[in-house]
Amino acid sequence: MPEGDTVYRTAARLHAALAGKTLTRSDFRVPALATKDLSGAAVDRVRPVGKHLFIDLSGAADRRLSIHSHLMMEGAWHVYARGEKWRRPGFTARVVLRAGDTEAVGFDLGVLELTAAPEAAVAHLGPDLLGEDWDRVRAAENLAADADRALGLALLDQRVMAGIGNIYRNELCFLAGLHPAAPVSAVPDPAALADSAHRLLTANALTPVRCTTGDRRRGRELWVYGRDRRPCRRCGTAIVRGSLGTGSGPAAERVVYFCPACQPVTPGSGPVRRRTGSAGR
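The UniProt record's numbering puts the sequence shown at residues 1 to 281.
Dropping the structure here:
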């Protein structure tokens, strides 16, 4: 699933292409919005909130509206010159927005809706790691609120802080020296962990290659994610790939990666199932 930095870059690209322009065509390819026509609406701004993306409009027949989308696992927004060939199949397009000679196309969007109350759609989220109103104190309080919860699950909970996905949760656990199954109570300083998350996402907000190690050379960008059975960059121990919990929900489906030496199991840790086979992400 695209993480907060990916959505941030997507919003920046769409904002540069659409903001200040008037839509000359809109084509929604989902049943609930198929009859909506936003022609004549002005694009005020495009903004991310965690993993959510909003295109704020004014001057449409419905007055002020926002196009709310979430990329989920497979979604993407592309910007094209009018008439340029799309890089994804047309049948995967969920919305096409045209402003003069610019076309923005949303493909395979997991969420697509029009809303007059955009803030209500994200009211449940914790502090946005890349937002102007980032609040480290509230993020730390949210994280510490459920002391018995596995850290690897808490970090994926967007109600704690918004923007972390599976890559960052694995990298943050490694940088903290904590096993993903360790309870939140094992975190010595929740505010420091929140700061680390904020620092990592900010550093990668506008870069095409995500990096947590400080070494952007190909193959050296990450500490543990996707490195099953490869040597730990710190101690040489083989990285382990597994999954948290015993359920079948989204959290259990996303794999964890950890170094058993640098991130030893601590008292109170929950179960981790080792996974073998191709390196699913």
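Using N, Cα and C, we set each Cβ at its ideal position, and we do this for glycine too.
Considering Cα atoms alone, identify which of the options is closest to residue i.
i: residue 128; options: 254, 222, 42 and 53; result: 53
i: residue 254; options: 243, 41 and 261; result: 243
i: residue 153; options: 136, 180, 194 and 95; result: 180
i: residue 12; options: 158, 116 and 104; result: 104
i: residue 58; options: 256, 265, 131 and 116; result: 116
i: residue 7; options: 178, 81, 228 and 55; result: 55
i: residue 89; options: 81, 106 and 97; result: 106
i: residue 168; options: 156, 108 and 259; result: 156
i: residue 224; options: 191, 177 and 203; result: 177
i: residue 214; options: 200, 170 and 79; result: 200
i: residue 171; options: 160, 137, 194 and 185; result: 194
i: residue 113; options: 69, 237 and 133; result: 69
i: residue 145; options: 191, 102 and 240; result: 191
Taking all protein chains shown into account, decide if residue i is buried (16 or more other Cβ within 10 angstroms of its Cβ) or exposed.
i: residue 162; result: buried
i: residue 10; result: buried
i: residue 17; result: buried
i: residue 51; result: buried
i: residue 37; result: exposed
i: residue 265; result: exposed
i: residue 137; result: exposed
i: residue 189; result: exposed
i: residue 119; result: exposed
i: residue 3; result: buried
i: residue 227; result: buried
i: residue 280; result: Low confidence applies to residue 280: its pLDDT is 42, below 50, so where it sits in the model is not reliable enough to give any reading.
Based on DSSP bridge pairs, tell me the residues matched to residue i.
i: residue 97; result: 26 and 104
i: residue 53; result: 48 and 69
i: residue 77; result: 106
i: residue 92; result: Answer is none; residue 92 lacks a bridge partner.
i: residue 162; result: 128
i: residue 282; result: This structure gives no information on residue 282, because the portion of the chain shown stretches from 1 to 281.
i: residue 231; result: 238
Would you mind giving the Cβ-Cβ distance between residue i and residue j, rounded to the nearest angstrom? I have them listed as a contact below 8 Å.
i: residue 187; j: residue 222; result: Contact doesn't hold; Cβ gap of about 21 Å is too wide.
i: residue 197; j: residue 130; result: Rounded, the Cβ-Cβ distance is 10 Å, inconsistent with contact.
i: residue 283; j: residue 109; result: The chain is shown from 1 up to 281; residue 283 falls before or after that span and cannot be answered.
i: residue 46; j: residue 76; result: Their Cβ separation, rounded to whole angstroms, is 14 Å, which puts residue 46 and residue 76 out of contact at 8 Å.
i: residue 98; j: residue 30; result: With a Cβ gap of about 17 Å, residue 98 and residue 30 do not count as contacting.
Between which two residues does the alpha helix (DSSP H) containing residue i stretch?
i: residue 44; result: No alpha helix (DSSP H) contains residue 44, which is instead part of the beta strand (DSSP E) from 42-49.
i: residue 209; result: Counting along the chain, residue 209 falls outside any alpha helix (DSSP H), and DSSP gives it neither H nor E.
i: residue 153; result: 151-154
i: residue 6; result: 4-18
i: residue 118; result: 118-121
i: residue 138; result: 136-144
Let's see if you can read the secondary structure: which residues bound the beta strand (DSSP E) around residue i?
i: residue 243; result: 240-244
i: residue 357; result: No answer is possible for residue 357: the residues shown for the chain start at 1 and end at 281.
i: residue 112; result: 111-115
Determine whether the Cβ of residue i lies closer than 9 Å to any Cβ atom of chain B.
i: residue 137; result: Of the protein chains in this structure there is only one, and it is not chain B.
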